[in-house]
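Taking our numbering, the leading residue of the sequence shown gets 1, the next gets one more, and so forth. We put the beta carbon where it would ideally sit given N, CA and C, even for glycine.
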Amino acid sequence: MNDLSDILCAHRGASGNFPENTRLAFEKAKEAGVKWIETDLNMLADGVFIIFHDDRLGRTTTGFDLISNLVFDEVRDLDVGSWKGEEFKGEKILTFTEILNWQEKNCMNINYEIKCDLSDQHLVAVNLFKILGKKKTNDIIISSFSIDMILECRKYLPDLSYALVVEKLPRNWRKIAVELSLNAFHLDSTYLSRRQVKALKSENLSVRVYTVNDQKIFNQICRWGVDMIMSDYPEHFI
Numbered sequence: 001m002n003d004l005s006d007i008l009c010a011h012r013g014a015s016g017n018f019p020e021n022t023r024l025a026f027e028k029a030k031e032a033g034v035k036w037i038e039t040d041l042n043m044l045a046d047g048v049f050i051i052f053h054d055d056r057l058g059r060t061t062t063g064f065d066l067i068s069n070l071v072f073d074e075v076r077d078l079d080v081g082s083w084k085g086e087e088f089k090g091e092k093i094l095t096f097t098e099i100l101n102w103q104e105k106n107c108m109n110i111n112y113e114i115k116c117d118l119s120d121q122h123l124v125a126v127n128l129f130k131i132l133g134k135k136k137t138n139d140i141i142i143s144s145f146s147i148d149m150i151l152e153c154r155k156y157l158p159d160l161s162y163a164l165v166v167e168k169l170p171r172n173w174r175k176i177a178v179e180l181s182l183n184a185f186h187l188d189s190t191y192l193s194r195r196q197v198k199a200l201k202s203e204n205l206s207v208r209v210y211t212v213n214d215q216k217i218f219n220q221i222c223r224w225g226v227d228m229i230m231s232d233y234p235e236h237f238i
């Protein structure tokens, strides 16, 4: 088995105890000793990428507007900490550029899950290329629930590591893996089996699992030999 710090990934940062997808959550994940963080990438109407999970405001901020209809000046001052607790008031939305700089400074690895559900996929891929085209990217994973999004991004950034996010492993997963030139599947722990892990790894595909917060399940999946386990509470497992 690999060292736990290599396997464990902080889901949206240390999001169990701190406001998700914020600098604080990322800092706390780093302090816990993990080497990987999972976070979410959304694109605004002006092409700016922000670290934000939902397709609209409201759950972690005030407001209700769709992210894809807003520009950065309209979200830069929003508080994304208070919903988690008054002690977190003042946490701001991060841009992709800001977190890339933080990542490089802190020598962290990050899995960027592309949301952008209501954005033009071609424009998302082009704008990603503008940011990542000349950067060192061996510490980056790009993941998405969307097959079409991965295909579009591969046209512009073919050398990145890509993973398809699914709840249940589809029957035609081998065909999908070839068509997308996947490096991994990201799978819901609820539906995962030891047999699936063995089959995927026999095809040289990494097996990464979300979102595990229970110690018994964590231990079981570790024994199966998965490559990454995402958790809201990395500090509980490290």
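The three-state secondary structure of I142, taken from DSSP, is strand. The beta-bridge partner set that DSSP reports for V207 consists of F185.
Residue state for H11 is assigned as strand, using DSSP reduced to three classes. Y191 places its beta carbon 8 Å or farther from that of N213. Ranking K135, Q215, A163 by CA distance to the CA of I147 puts A163 first. By the criterion of a C-beta distance shorter than 7 Å, N204 is surrounded by no residue of its chain, once the five residues flanking it on both sides are discounted. Between the stretch 27–38 and the stretch 3–13 there are three or more inter-stretch CB-CB distances shorter than 8 Å, so the stretches are counted as touching. In its chain, beyond the 5 residues on either side, L4, S5, L8, A32, G33, V34 have a beta carbon closer than 7 Å to the beta carbon of I238. Ranked by Cα distance from S143, the first of C116, V48, E74, Q196 is C116.
The three-state secondary structure of K92, taken from DSSP, is strand. Assigned with DSSP and collapsed to three states, R56 falls in strand. Around the CB of E152, 16 or more other CB atoms lie within 10 Å, so the residue is classed as buried.
In this chain, the alpha helix (DSSP H) harbouring N127 covers 121–132. In the structure shown, the three-state DSSP call for S193 is coil. In the structure shown, M149 adopts helical secondary structure according to DSSP, grouped into three states. For F72, the three-state secondary structure derived from DSSP is helix.
When the five nearest sequence neighbours on each side are left out, no beta carbon in the same chain lies closer than 6 Å to the beta carbon of N17. Excluding its 5 nearest sequence neighbours in each direction, V209 has C-beta neighbours in its own chain below 8 Å: H186, L187, D188, S189, L192, I221, V226, M228, I229, M230, listed in chain order.
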